[in-house]
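Numbering (the working numbering), first residue to last: 582 to 837.
Yeah, the Cβ is synthetic: ideal placement off N, Cα and C, and Gly gets one too.
On a predicted model such as this, the values are computed, not experimentally measured, just so you know.
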Ligand code: NAP
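This is the structure we're talking about:
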């Protein structure tokens with residue numbers, strides 16, 4: 582299937598590692614020009630060096646001005662923007678019991694506000710290209726996790742914004758969809774796993790609860806859905822929440 586992404590400029594937040602890096606690789610494999618926006622300069626450079634074309638913007642996205650600058654740099658360099666993938670986020674464990682009002686707001690800054698800010702600053706350019714947006718959410722938006730109010734509520738809001746933007750942008754032909762991953766082995770996930778006293782035992786227990794093949798989803802499997810959603814082949818898909826999770830959220834728990 583030709584996804585017709587050749588020469589399309591695709592901005593990926595958190596594109597240096599994990600799921601974002603896989604999206605960058607998949608977009609490049611389809612001939613797109615990825616722009617990696619990430620605070621990890623070294624990882625971003627490494628990823629960029631593997632690409633035939635692309636750009637890096639080293640930025641901490643929780644500052645709105647960094648979001649503006651990332652879009653501006655993309656336009657200065659390539660003159661266009663065809664797609665935005667809002668992906669950067671961190672499960673930062675700001676809970677109800679163990680947390681504070683200040684920490685909660687900070688968590689929203691890390692996980693939610695830059696999704697809006699990036700889309701806001703990208704919009705004039707996406708209008709010109711009749712582009713697309715993919716937002717990466719999380720199963721925690723629907724299942725909860727415990728001890729992570731900031732992250733879970735940000736991920737829920739991302740699902741609501743996906744529908745809201747799909748509605749608002751209908752007249753511009755801009756499609757907006759969300760992907761809901763559950764268990765994907767990435768540097769972030771590894772870090773989270775290592776907070777448990779026995780990470781191997783924890784991982785074995787998690788794998789047993791994943792209905793399809795009792796394995797983690799791979800970053801490449803998330804990325805494949807992202808590039809499809811960005812492509813003309815997904816031309817009539819908008820406002821959707823796609824679960825790429827081996828059946829984790831929806832299948833009968835009795836199966837595992
Ligand atoms: P990851 O391995 O940590 O990679 C994310 C990259 O984004 C890292 O380079 C990170 O830098 C960067 N980043 C994070 N916040 C940033 C910010 N505010 N400004 C600039 N750069 C930032 O994470 P991942 O597991 O691939 O997760 C990607 C997305 O998928 C997240 O939104 C996450 O919530 C979602 N997700 C993941 C899973 C999973 O199982 N992995 C499940 C559900 C949802 P640092 O390394 O410096 O933090």
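Bounding residues of the beta strand (DSSP E) (the contiguous stretch that carries residue i)
| i | result |
| --- | --- |
| residue 764 | Where residue 764 is concerned, there is no enclosing beta strand (DSSP E), given that its DSSP letter is neither H nor E. |
| residue 822 | 822–825 |
| residue 592 | 590–594 |
Buried/exposed call for residue i, threshold 16 Cβ in 10 Å
| i | result |
| --- | --- |
| residue 778 | exposed |
| residue 800 | buried |
| residue 833 | exposed |
| residue 641 | exposed |
| residue 667 | buried |
| residue 636 | buried |
| residue 594 | buried |
| residue 756 | buried |
| residue 583 | exposed |
| residue 706 | buried |
| residue 785 | exposed |
Short Cβ contact (8 Å threshold) for residue i with residue j
| i | j | result |
| --- | --- | --- |
| residue 703 | residue 740 | no |
| residue 713 | residue 820 | no |
| residue 758 | residue 803 | no |
| residue 592 | residue 655 | yes |
| residue 830 | residue 743 | no |
| residue 628 | residue 614 | no |
| residue 619 | residue 597 | yes |
Bridge-paired residues (DSSP) for residue i
| i | result |
| --- | --- |
| residue 713 | 664, 756 |
| residue 639 | 619 |
| residue 798 | 765 |
| residue 614 | 590 |
Bounding residues of the alpha helix (DSSP H) (the contiguous stretch that carries residue i)
| i | result |
| --- | --- |
| residue 743 | 730–749 |
| residue 654 | 645–659 |
| residue 684 | 682–689 |
| residue 782 | 780–788 |
| residue 723 | 721–724 |
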